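These notes concern the structure reproduced below.
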Ligand code: NDP
Ligand code: OXD
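Residue numbers (this note's numbering): 7 to 312.
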């Protein structure tokens, strides 16, 4: 069995060592042009040249949850495209979003500012039932985030493409469902995959349907957000602030207005990091299942886009 590693912006050696240890029967190498064709590949934004040289590839394992970049490539229809299926990402995303929601709801930025002034300044408690959190995307990550927010007793609305049930969460879908979620969400969290249907979904048209003073958290993809529309809605006061982990251009350019905006928190695409050991264990488990002829989870539907 040949397993090829073809990941841009990723240090190969530790991945190769982990894959070789877990799959001693396989030949595991970094792709070079002209290398023998692979049975399985571990990839992140691989070049088209790699895919064009793979006549017998059974599965491509993406070392992230989002496959939007991978689906830009031409991939043979018989090759399974497999996303990371949690592998330690969901709990990180739950931490990230809960941190941002709690920081906003409990006004910790205001307490930080008061400390800098040496002021012991109590703020009026806010009503938790007024802090409705709407989550766009109730998949592996969105569902875990919804469950974590429920532990803190925030009312949670969720939005998915198809109807679904998540205990303690009011789940909406369809165009009417989106309108209802937007009208009621004091905090909007985006955890949708980037597809032709969701690109630009965080625009003036949608964000202006949030209640005045609403807060935005985007931890999915930068291309979901129309950045100038966010700036305009913050400047008009319709939105109170935003926490952003992902951007149209990454790294965020040094002169980008988000860096210095007083009501935007920027983090460098770190909400839920790929954890190498967990990812290798999951990928190797799936290779073994495929070799036994068993089905695996996390297979992407290219037509659906996620
Ligand atoms: P999943 O594929 O598990 O879930 C996607 C969810 O979005 C599903 O609930 C799906 O609905 C819903 N959805 C898809 N299209 C639409 C649509 N057109 N309208 C309404 N709902 C829709 O994804 P994950 O939860 O694993 O990840 C989500 C995204 O998070 C990734 O695609 C990636 O871009 C981003 N990400 C960001 C990271 C970071 O560090 N910032 C790290 C990892 C991922 P249904 O349930 O009906 O299928
Ligand atoms: C991912 C990511 O998609 O890191 O996994 O954003």
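Glycine included, each C-beta is placed from N, C-alpha and C at the ideal position. Predicted model, so just to flag it, every value in this text is computed and none were measured.
Residue i beta carbon near the ligand NDP (any heavy atom closer than 7 angstroms)
i, result
"residue 173", "no"
"residue 303", "no"
"residue 369", "Because the chain in this structure spans residues 7 to 312, residue 369 falls outside the shown range and cannot be described."
"residue 160", "no"
"residue 122", "no"
"residue 197", "yes"
"residue 212", "no"
"residue 251", "yes"
"residue 246", "no"
"residue 228", "no"
"residue 204", "yes"
"residue 148", "yes"
"residue 145", "yes"
"residue 51", "no"
"residue 152", "no"
"residue 166", "yes"
"residue 278", "yes"
"residue 163", "no"
"residue 292", "no"
"residue 75", "no"
"residue 33", "no"
"residue 186", "no"
"residue 240", "no"
"residue 117", "no"
"residue 16", "no"
"residue 127", "no"
Residue i: CB within 7 angstroms of a non-hydrogen atom of the ligand OXD
i, result
"residue 254", "no"
"residue 275", "yes"
"residue 142", "no"
Given residue i as reference, the closest of the options once Cα atoms are compared
i, options, result
"residue 142", "194, 119, 246, 94", "194"
"residue 7", "288, 248, 14, 30", "30"
"residue 153", "9, 100, 75, 38", "100"
"residue 251", "234, 175, 225, 123", "225"
"residue 104", "76, 18, 150, 128", "150"
"residue 93", "78, 289, 114, 308", "289"
"residue 307", "87, 161, 127, 144", "87"
"residue 317", "220, 264, 305, 239", "Outside the shown range of the chain (7 to 312) lies residue 317, about which nothing can therefore be said."
"residue 192", "217, 203, 147", "217"
"residue 235", "249, 212, 136", "212"
"residue 313", "48, 39, 42, 28", "This structure cannot speak to residue 313, because the chain is shown only from 7 to 312."
"residue 60", "50, 71, 37, 189", "37"
"residue 107", "95, 158, 78, 120", "158"
"residue 296", "119, 27, 85", "85"
"residue 187", "140, 202, 170", "140"
"residue 257", "266, 274, 270", "274"
"residue 102", "271, 203, 33", "271"
"residue 294", "184, 311, 65, 95", "65"
"residue 67", "75, 276, 50, 125", "50"
"residue 98", "298, 276, 301", "276"
"residue 16", "34, 42, 52", "52"
Contact belief for residue i with residue j at Cβ below 8 angstroms, rounded distance in angstroms
i, j, result
"residue 245", "residue 281", "Incorrect: roughly 33 angstroms between the Cβ atoms, too far for contact."
"residue 69", "residue 285", "6 angstroms"
"residue 44", "residue 63", "6 angstroms"
"residue 129", "residue 113", "5 angstroms"
"residue 55", "residue 147", "Wrong, their Cβ atoms sit about 32 angstroms apart, outside the cutoff."
"residue 174", "residue 156", "5 angstroms"
"residue 208", "residue 177", "Not really, about 20 angstroms apart at Cβ, beyond 8 angstroms."
"residue 238", "residue 215", "About 15 angstroms separates the two Cβ atoms, so there is no contact after all."
"residue 90", "residue 71", "5 angstroms"
The beta strand (DSSP E) enclosing residue i, as first and last residue numbers
i, result
"residue 87", "86-88"
"residue 162", "162-166"
"residue 65", "65-68"
"residue 222", "220-224"
"residue 35", "33-36"
"residue 253", "Per DSSP, residue 253 belongs to no beta strand (DSSP E) and is neither H nor E."
"residue 140", "139-142"
Boundaries (first-last residue) of the alpha helix (DSSP H) holding residue i
i, result
"residue 102", "95-111"
"residue 21", "18-28"
"residue 290", "282-297"
"residue 233", "233-241"
"residue 151", "146-157"
"residue 248", "Unbroken run through residue 248 is the beta strand (DSSP E), 245-250; no alpha helix (DSSP H)."
"residue 312", "Counting along the chain, residue 312 falls outside any alpha helix (DSSP H), and DSSP gives it neither H nor E."
"residue 211", "210-213"
Residue i CB to nearest heavy atom of the ligand SAH below 7 angstroms
i, result
"residue 181", "The ligand SAH is not part of the structure shown, which contains the ligand NDP and the ligand OXD as its ligands."
Worksheet entry | the ligand OXD site residues, beta-carbon cut 5 angstroms against heavy atoms | For the ligand OXD, the residues with a Cβ under 5 angstroms from any of its heavy atoms are, in chain order, 70, 71, 72.
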